[in-house]
Every structure is written in structure tokens, then in C-alpha cells.
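In my numbering, the protein residues as written are 37 to 480.
We put the beta carbon where it would ideally sit given N, CA and C, even for glycine.
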């Protein structure tokens, strides 16, 4: 099948590469000339495990191409995916300018039947706006061509996106046209073989499903962080509590790990956007507001622990930070808890020695040269002569370090574990002062 994908960011590239790998003819279109040139030179502008190799394999096979030519893109594919960004607007709602710009471009060039697929995470009612934008351009041209607009939200986890696409939990398709549903079923057939994972529903329900899924997961995280903060204050261990409630099949173990707060491009933006959608519909979504507020507060917890430990005397201190990306297996630092921590440490007069397996270039891009930031080449070098270690992201390489070497490198043996990857009793045997999240070692 011939497929066009507008937008060569995270969602567009993963979608394009996986569809090409199934044997389709995929054309990725982006107005960013530098990005397209990079891709045509065999480089990938984002880090996602396995993606660079998957794109290279399918480029060599002639199944995926990259261009800035919008005319060619509209002419190419029966399926026209819109996978551009929807950043939060000033009021927290999703900014649809890029989505609607693509819709306008399609309408300006459409000359035969096309299925326009909203892959971007968009508010309820966006498909109607896309349809109107295309129809308006056709009317300007004085022509009439049939087209359908479908909602097909992505459910990709950064760090495991290829696996999520190739072996999806579900494939949500929002359409009122049975013929279009059958065409989408054919498109996704290679990823839908063991049992039928496709769920067809009306367009608005599909649009809401994506926001509902992310808001539910964000709610679980904020709830566990709230419990962890209570556990610290009453002398309980949140890890024991987690196991106790996770064993209930109605609750389960997924997304009930307390930590330093959630980040990334999805959860913060989508919780805000869903809350804004509720307001626009005349409803005050109190729970969604609480989820966001708890998360914002949780991102400051690590700094508060560090500040309390040093009795507020952080000026001139050097803090080692392990983990800068918002989660492992990505270089994405959007809304990352590490940023809140480092910026608070700098404001208090501290220096930061940081290491992350993938996000060093992104950190340098965001902050530029700073005298109070040293980006280190290894986790071990970040420790040298630091006054404390703070673990912010739970990369596998941080899970079993040499604690004797850590103790030798630090000027004082203290570890702040923002993801509870270490056991307090074990760490304390090495002579460390240990602070986790909700592990009963309260600094309050």
C-alpha cells in the first residue's frame, strides 16, 4: 500500500518505519529541510532503540523515502497520516495549527480519494476541524473529491515504540464509514494476526480514548507519589505498600512505582489538554487538575531532600546527577524531573556534574555552556569530588554500581534515590546515608 506521513518527528518516523517494514511504500514529508537532509543522509534526529537500523534497512530496500515536497506527498498515498506536533498552547489546550496546516495543504492538492488519518494526539472534535479545513480548500478550488478523516491515535512508549507498534495491545480506529474501517483493517493486518486487536468506534470516542489512556496512567503515578509522601511521614515503606496493593488483580503492578514525577512529551501535555477540553465543555475536571498539581510538586521533592540534608547550605556544593532524560531508553528531556532539580540546585548556588547514557547532547542543547554544569563522559566521572549523588532516571546501567567506588569518589557518602532502584538496608551497609521516595527515611 502507498502511505504518506506528514511529520518526521517521533510518531511519524516510528509509524513510517514500521509500516515500511511490513512491505508498504512509505513517503515521509516534513517542511524542515535540515531534518529531511539528515534522514536522507542515513541519520535519525531522535533516539529510539532500533529505529535507526529499521529506517536504514527499509531505505535500502526502497520502501521508505523522505522529502519536503508536499505535492508529491499528497499524490503518493491513499493513506495520508498527519503526525505533526500538537504542543500545549498558553492555556494548556493543544495547539492545532500544524495539524490544520497539513489539512489545508491536502485540500489544496487533493484530486482523488484519500483517507486522512489523525495520528497526532489531538482533542475531541479535531477530525471535524480537519475535515472542514480540507473541504474549505476544495470549495475554494471549485472541485469536489471524496475523502474520509479517521482518528487513529498512537499508543507508543518512548524506549519501546517499535515493539508497541509491531505488537500492539490495541489498534483504535475512529470512523463512521464501514468501507474505511475495512481499508484500515487491511493496512494493519500484519500487526493484527494473533487475534483481532482493532477496535473500531466513532471518531470522537477514538480521540478521547488516547487522552483517557494517558490521563489514567498519569493518575496512577501521581496517586503512588501521593502515597509515598504519606508513607515517609508515617514511617511506612512504600515498596511494601506497592507490593501489597499490586497483588490485587484489580489494581496490578503497572505504573504504581513512585518516583520524582512524570515527564516527557505526552503525559504532562495530555493531562493539561484533557483538562482544558473539560473546561471548554463546561466541566471542572478536579481529578485531572489534582494529578497535574501533584506531579508538579513531586518534581521538587528531590531538591527538597537535598536541601534539607545540607541544612539549606547548598552554595558551593557539587551534586552528581545520574539520569537526565525523563525516562530510560530515550534522549527526551521535555518536562524531565532532572531539569527541575538542576535548575533548583543552580538557583541555590550548587554545581552539577551530570551523566546520562543518551541525553548529553540534548542537555547541552537546552542549557548551553554553564560554569555550574559539567556534562561528564561516564557515571563514574560524575561522582568525582561531588558532595552527594542523586539518581533521577532509572537506567539499567545505574542499578548495580560499585558502591565502594561511589563512596570513595564522593566527599560525603549520601545517595538520593529518585526512583527507588536501591534497597535502603543494603545501601546503608556500605555506610551511606540513603534517601528514597517513600522508603521511611524521612527528612521531614
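Delimiting residues of the alpha helix (DSSP H) encompassing residue i
{"i": "residue 484", "result": "One cannot answer for residue 484 here, as it falls past the ends of the chain, which runs 37 to 480."}
{"i": "residue 69", "result": "69-76"}
{"i": "residue 376", "result": "373-383"}
{"i": "residue 396", "result": "396-403"}
{"i": "residue 308", "result": "303-316"}
{"i": "residue 201", "result": "197-202"}
{"i": "residue 442", "result": "439-445"}
{"i": "residue 117", "result": "Not the alpha helix (DSSP H): residue 117 falls in the beta strand (DSSP E), residues 115-118."}
{"i": "residue 481", "result": "Residue coverage of the chain in this structure runs from 37 to 480, which leaves residue 481 outside it and unanswerable."}
{"i": "residue 341", "result": "337-345"}
{"i": "residue 326", "result": "322-334"}
{"i": "residue 179", "result": "Note, residue 179: premise wrong, no alpha helix (DSSP H); not H, not E."}
{"i": "residue 280", "result": "274-282"}
{"i": "residue 419", "result": "415-419"}
Endpoints, beta strand (DSSP E) assigned at residue i
{"i": "residue 356", "result": "354-358"}
{"i": "residue 252", "result": "Looking at the DSSP string, residue 252 is not in any beta strand (DSSP E); the run it does join, the alpha helix (DSSP H), is 239-270."}
{"i": "residue 38", "result": "38-42"}
One or two residues paired with residue i in a DSSP bridge
{"i": "residue 389", "result": "356 and 410"}
{"i": "residue 187", "result": "154 and 210"}
{"i": "residue 130", "result": "124"}
{"i": "residue 36", "result": "Past the edges of the chain, shown from 37 to 480, lies residue 36, and the structure says nothing about it."}
{"i": "residue 450", "result": "469"}
{"i": "residue 15", "result": "Shown here, the chain extends from 37 to 480; a query on residue 15 therefore has no answer."}
{"i": "residue 106", "result": "The partner list for residue 106 (beta bridge, DSSP) is empty, contrary to what the question assumes."}
{"i": "residue 234", "result": "207"}
Residue environment, residue i, which counts as buried when at least 16 other CB atoms sit within 10 Å
{"i": "residue 480", "result": "Summary for residue 480: the model assigns pLDDT 41, below 50, so the residue's position carries little reliability, and this model does not support an answer."}
{"i": "residue 247", "result": "buried"}
{"i": "residue 341", "result": "buried"}
{"i": "residue 279", "result": "exposed"}
{"i": "residue 268", "result": "buried"}
{"i": "residue 361", "result": "buried"}
{"i": "residue 447", "result": "exposed"}
{"i": "residue 76", "result": "exposed"}
{"i": "residue 38", "result": "exposed"}
{"i": "residue 210", "result": "buried"}
{"i": "residue 400", "result": "exposed"}
{"i": "residue 133", "result": "exposed"}
{"i": "residue 207", "result": "buried"}
{"i": "residue 43", "result": "buried"}
{"i": "residue 353", "result": "buried"}
C-beta atoms of residue i and residue j nearer than 8 Å
{"i": "residue 251", "j": "residue 306", "result": "yes"}
{"i": "residue 384", "j": "residue 421", "result": "no"}
{"i": "residue 185", "j": "residue 156", "result": "no"}
{"i": "residue 429", "j": "residue 335", "result": "no"}
{"i": "residue 287", "j": "residue 474", "result": "no"}
{"i": "residue 48", "j": "residue 119", "result": "yes"}
{"i": "residue 192", "j": "residue 169", "result": "no"}
{"i": "residue 356", "j": "residue 309", "result": "no"}
{"i": "residue 240", "j": "residue 160", "result": "yes"}
{"i": "residue 476", "j": "residue 264", "result": "no"}
{"i": "residue 183", "j": "residue 150", "result": "yes"}
{"i": "residue 103", "j": "residue 65", "result": "yes"}
{"i": "residue 426", "j": "residue 350", "result": "no"}
{"i": "residue 373", "j": "residue 454", "result": "yes"}
{"i": "residue 217", "j": "residue 50", "result": "no"}
{"i": "residue 331", "j": "residue 297", "result": "yes"}
{"i": "residue 463", "j": "residue 434", "result": "no"}
{"i": "residue 108", "j": "residue 63", "result": "yes"}
{"i": "residue 140", "j": "residue 175", "result": "no"}
{"i": "residue 442", "j": "residue 419", "result": "yes"}
{"i": "residue 154", "j": "residue 187", "result": "yes"}
{"i": "residue 492", "j": "residue 327", "result": "The question about residue 492 has no answer here: the residues shown for the chain are numbered 37 through 480."}
{"i": "residue 303", "j": "residue 377", "result": "no"}
{"i": "residue 449", "j": "residue 468", "result": "yes"}
task: Would you check if the stretch 40-59 and the stretch 97-116 touch, i.e. whether three or more CB-CB distances between them fall below 8 Å?
output: Counting Cβ pairs under 8 Å, three or more are found: they touch.
query: Any contact of the stretch 221-241 with the stretch 286-294, i.e. 3+ C-beta pairs under 8 Å?
result: Short answer: they don't touch.
- prompt: Contact between the stretch 307-321 and the stretch 121-134: three or more CB pairs below 8 Å?
  reply: Short answer: they touch.
The stretch 407-418 in contact with the stretch 380-390 per 3-pair CB rule at 8 Å: As far as the Cβ criterion goes, the stretch 407-418 touches the stretch 380-390, which means the pair count is three or higher.
query: Does the stretch 68-85 come within contact of the stretch 139-154, defined as at least 3 CB pairs closer than 8 Å?
result: With a cut-off of 8 Å, the stretch 139-154 and the stretch 68-85 do not count as touching, because too few Cβ pairs lie within range.
Three or more C-beta pairs below 8 Å linking the stretch 363-370 and the stretch 78-85: A contact is defined here as three or more CB-CB pairs under 8 Å, and the stretch 363-370 meets this definition with respect to the stretch 78-85.
- prompt: Taking three-plus beta-carbon pairs below 8 Å as touching, is the stretch 225-238 in contact with the stretch 170-183?
  reply: The stretch 225-238 vs the stretch 170-183: no contact.
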